[in-house]
Amino acid sequence: PLLDDKFSLIRSISCWTLSRFSKFSVEGINHPEGHKPFDKVLVGILRRILDTNKRVQEAACSAFSTLEEEAVEELPPRLDIILQHFMCAFGKYQRRNLRIVYDVIETLADAVGGDLNQPMHLDVLMPPLIAKWQQLSYSDKDLLPLLECFTSIAQALGTRFSLFVQPVSQRCINISRTSRHIPWAGTEVFASGTIECEETIFTWVQQHNYLVSSIARRMASAWYWSIVRLVFDPGDFIYSHPGDFSCCEHP
């Protein structure tokens, strides 16, 4: 009942309290009908993820993150309801809490791995993420957290992520090509020559490196390796570390 209390602070604290007992909720599954209390906790937290209060949303996402780290083996059978709630939240959250959703999805993909690679899950998960990716401007700071989210999804999906690689990689290529003119954090990337700007764009390139590598290790087509070389041509970057372009070498 406290999860549905009329006071947002009570709902928020209730989420935090449940997260502290996540380990016990998971351990209880081994007992007869122990899955019922676990499912009740899971559904309660998911319900609060769709709360109208931003602080409750944040507390619920944090609680779920703690729970999913403890309940790795219990998540795959419940992926459908989990993804439906988070994609619903994705449509209503504002910028700050959206970054939390990216992080939660990233952790979820790492936890469930190949179990995410089901058409019914991808139909729920990927369209909103791709739409958001294409919607964000080149100067939006949310691009990098979203790319990190895509990287974990790519690692979970393996070659199946090739279905989505074109819009993701094409945007990365465009950003890499035009990086000298993108205002980032109030400055001109590269143009200012500051370490902060150089490290920002290098982090971007490196993250895309991880995403490409996670698929490229399993794909040997000439088409894909041409994309890798195009994206990671060190001549395109002022701030380059040759060792970080190792994925450009054909295995």
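So for the sequence shown, the numbering used here puts the first residue at 4; every next one is plus one. Every residue gets a Cβ at the ideal spot worked out from N, C-alpha and C, and that includes glycine. From a predicted model like this one, the values you see are computed outputs, not experimental measurements.
Assuming residue 30 is part of the alpha helix (DSSP H), what are its boundary residues? For the purposes of this step, residue 30 is taken as the residue at position 27 of the sequence shown. Note, residue 30: alpha helix (DSSP H), 25-30.
For residue 120, name the three-state secondary structure that DSSP assigns. In the sequence shown, residue 120 corresponds to position 117, counting from 1. If DSSP states are grouped into helix, strand and coil, residue 120 belongs with coil.
Please classify residue 25 as buried or exposed, where buried requires at least 16 other C-beta atoms within 10 Å of its C-beta. Mapped onto the sequence shown, residue 25 falls at position 22. Classification of residue 25: buried, given that the 10 Å Cβ count is 16 or more.
Looking only at its chain, what residues have a beta carbon closer than 8 Å to the beta carbon of residue 8, apart from the 5 residues adjacent to it on each side? One-based indexing of the sequence shown puts residue 8 at position 5. Closer than 8 Å at the Cβ level, and outside the excluded window around residue 8, lie 14 and 17.
Can you tell me whether residue 183 is helix, strand or coil according to DSSP? Numbered from its first residue, the sequence shown carries residue 183 at position 180. Summary for residue 183: the model assigns pLDDT 49, below 50, so the residue's position carries little reliability; its value from the coordinates is reported in the next sentence. In this structure, residue 183 counts as helix in the three-state DSSP scheme.
Buried or exposed for residue 19, going by 16 or more other Cβ atoms inside 10 Å? On the sequence shown, residue 19 is found 16 positions in, with the first residue counted as 1. Its Cβ having fewer than 16 others within 10 Å, residue 19 is exposed.
Spatially closest choice to residue 39 from 51, 143 and 77, by CA coordinates: Counting from 1 along the sequence shown, the entry for residue 39 is found at position 36. Taking only the C-alpha atoms, the option nearest residue 39 is 77.
With a cut-off of 8 Å on the beta carbons, I'd call residue 28 and residue 41 a contact; round off their distance for me. Along the sequence shown, read from residue 1 onward, the residue named residue 28 stands at position 25. Along the sequence shown, read from residue 1 onward, the residue named residue 41 stands at position 38. Contact holds; Cβ gap of about 5 Å.
Candidates 118, 128 and 175: which alpha carbon is nearest residue 142's? Within the sequence shown, the letter at position 139 stands for residue 142. Closest by alpha carbon: 175.
Mapping the DSSP letters down to three states, classify residue 55 as helix, strand or coil. Mapped onto the sequence shown, residue 55 falls at position 52. DSSP places residue 55 in coil when its eight states are reduced to three.
Own chain partners of residue 37 with C-beta closer than 6 Å, once the 5 adjacent residues on each side are dropped: As a working note, residue 37 is residue 34 in the sequence shown. Answer for residue 37: 31, listed in chain order.
Could you check which residue in 169, 73 and 111 has the C-alpha nearest to that of residue 136? Position 133 of the sequence shown, counting from 1, holds the residue named residue 136. The shortest C-alpha separation from residue 136 is found at 169.
Would the beta-carbon of residue 65 fall within 7 Å of that of residue 110? If you number the sequence shown from 1, residue 65 lands on position 62. If you number the sequence shown from 1, residue 110 lands on position 107. For residue 65 and residue 110, no; Cβs fall outside 7 Å.
Roughly how many angstroms lie between the CA atoms of residue 131 and residue 93, to the nearest whole one? In the sequence shown, the residue the question calls residue 131 occupies position 128. In the sequence shown, the residue the question calls residue 93 occupies position 90. Each residue's alpha carbon lies about 8 Å from the other.
Would you kindly report the start and end of the unbroken alpha helix (DSSP H) that includes residue 6? Here residue 6 corresponds to residue number 3 of the sequence shown, with the count starting at 1. Where residue 6 is concerned, there is no enclosing alpha helix (DSSP H), given that its DSSP letter is neither H nor E.
So what does DSSP say about residue 60, is it helix, strand or coil? Here residue 60 refers to the residue found at position 57 of the sequence shown. Helix at residue 60.
Whose C-beta lies closer than 6 Å to the C-beta of residue 60 among residues of the same chain, with five residues either side of it excluded? Working through the sequence shown from its first residue, we reach residue 60 at position 57. Contacts found: 54 and 100.
Alpha helix (DSSP H) containing residue 165: first to last residue? Residue numbering aside, residue 165 sits at position 162 when the sequence shown is read from its first letter. Where residue 165 is concerned, there is no enclosing alpha helix (DSSP H), given that its DSSP letter is neither H nor E.
Is it buried or exposed for residue 134, if we count other Cβ within 10 angstroms and need 16 for buried? Sequence index remark: in the sequence shown, residue 134 carries index 131 (1-based). With fewer than 16 other Cβ atoms within 10 Å, it is exposed.
Alpha-carbon spacing of residue 117 relative to residue 97, whole angstroms: Your numbering for residue 117 matches position 114 in the sequence shown. Your numbering for residue 97 matches position 94 in the sequence shown. The alpha-carbon atoms of residue 117 and residue 97 are separated by roughly 30 Å.
Neighbourhood of residue 49 by C-beta, 6 Å cutoff - its chain only, sequence neighbours within 5 removed: As a working note, residue 49 is residue 46 in the sequence shown. The answer, listed in chain order, is 88.
Please classify residue 146 as buried or exposed, where buried requires at least 16 neighbouring CB atoms within 10 angstroms. Reading the sequence shown from its first residue, position 143 is the one you call residue 146. Classification of residue 146: buried, given that the 10 Å Cβ count is 16 or more.
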